[in-house]
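Numbering (the working numbering), first residue to last: 830 to 956.
Written out as structure tokens, the structure is:
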């Protein structure tokens, strides 16, 4: 079964950069993109999504709100929240949602731990 990773960021460039890093780490994973939380929720509602990488700062709904909604319907989904906002409070809120904090700029090295952990979790549940 193909793993699908959803990349949500209001910046097209940030989505491209994250997509390239994911492709380098997991070339067999399918990538889908959304530019905002509403589009992301529509995608999750219409197709199988196994992993989510969410920008923190978005215009309609921030990444923590989106992560909370995804966690409610997909409790085992590996979720990362990416942001340049490295305040302890933000990191704690991300972790409280059982999500992974990834600092910007997003690089292959920055995503490596999250992607490796997500792959292990998905294998463990048979995805």
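Ideal placement from N, C-alpha and C gives every residue a C-beta, glycine not left out.
Exposure label - residue i; buried when at least 16 CB within 10 Å
i: residue 844; result: buried
i: residue 952; result: exposed
i: residue 834; result: buried
i: residue 934; result: exposed
i: residue 878; result: buried
i: residue 831; result: exposed
i: residue 850; result: buried
Simplified DSSP assignment, three categories, for residue i
i: residue 936; result: coil
i: residue 931; result: strand
i: residue 846; result: helix
i: residue 926; result: coil
i: residue 905; result: coil
i: residue 868; result: helix
i: residue 891; result: coil
Per DSSP, cross-strand counterpart(s) of residue i
i: residue 884; result: 911
i: residue 861; result: 835
Whole-Å CB distance - residue i paired with residue j, under 8 Å assumed
i: residue 882; j: residue 846; result: With 8 Å as the limit, residue 882 and residue 846 do not qualify as a contact, their Cβ atoms being about 11 Å apart.
Straight-line gap, residue i to residue j (C-alpha atoms, nearest Å)
i: residue 957; j: residue 853; result: A query on residue 957 cannot be resolved here, the shown segment of the chain reaching from 830 to 956 and no further.
i: residue 868; j: residue 956; result: 24 Å
i: residue 865; j: residue 889; result: 7 Å
i: residue 860; j: residue 848; result: 7 Å
i: residue 948; j: residue 940; result: 12 Å
Residue-chain proximity (residue i, chain C), Cβ-Cβ < 9 Å
i: residue 941; result: The structure shown contains no chain C; it holds only a single protein chain.
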